[in-house]
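Take a look at the structure set out below.
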Amino acid sequence: MEKSYVMVKPEFANYPQVIDYVKSQLQSVGMQIVKEGYIKYDALSARKHYAEHVGKDFYQGLEEYITSDKAYGMEVQGDDAIAKIRKLVGATKNPDPHTIRYEVPKMLNLPLRITQNVVHASDSVNSAERELEIFYTLLKK
Ligand code: GDP
5 MEKSYVMVKP EFANYPQVID YVKSQLQSVG MQIVKEGYIK YDALSARKHY
55 AEHVGKDFYQ GLEEYITSDK AYGMEVQGDD AIAKIRKLVG ATKNPDPHTI
105 RYEVPKMLNL PLRITQNVVH ASDSVNSAER ELEIFYTLLK K
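Okay, structure coming up:
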């Protein structure tokens, strides 16, 4: 059993049908949603969440985006959760058809964008632990 942190990013979290779609995709590969809710990242929590990207050329835009509006966080668990969910989510750039990052913009008639790419999903067990701590803190606010 493995844990992951999945976050529907700002703008997309305003659409209940997007949240339902992401949850049904997760459940379709046997994942269980343990905790969920709307949160809002501030600059500090964004910097902690995206620690490995602070200082990169795209970071400022990423921070502005992720702090711009509410997001929807989920603690998810299941067998091989990290790899299975990353596959569902799709690549950072040029995601394939049938992935969440491809299908949701299509559903909403929006272009595919790199920063505004619908969802975040943890890339390792360690990242999941760190990101979930931030999520729990934001949920209490
Ligand atoms: P992920 O694991 O697929 O989310 O990708 P990363 O951890 O590499 O990057 C985190 C987030 O930063 C991505 O989901 C994008 O929103 C954004 N990002 C990553 N690389 C780039 C880039 O080259 N340009 C821009 N504009 N955004 C990026």
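Under our numbering, read the sequence shown as residues 5 to 145, first letter to last.
In this text, a Cβ means the ideal position worked out from N, Cα and C, and glycines have one as well.
In this text the structure is predicted, and so the values were computed from the model without any measurement.
Kindly examine the ligand GDP and report whether one of its heavy atoms sits closer than 8 Å to the Cβ of A85. no
Hey, how far is the Cα of K39 from the Cα of P115? 30 Å
In three-state terms, what does DSSP make of E79? Strand, per DSSP.
Just tell me which of E15, G94, D84 and M111 has its CA closest to the CA of S8. D84
Nearest residue (CA-CA) to I104, options A50, P14 and V22: V22
CA-CA distance, D46 and K74? Distance between the alpha carbons of D46 and K74 is about 10 Å.
Counting along the chain, where does the beta strand (DSSP E) carrying H124 start and finish? V123 to A125
In the structure shown, what three-state DSSP assignment does Q36 receive? The DSSP-derived three-state label of Q36 is strand.
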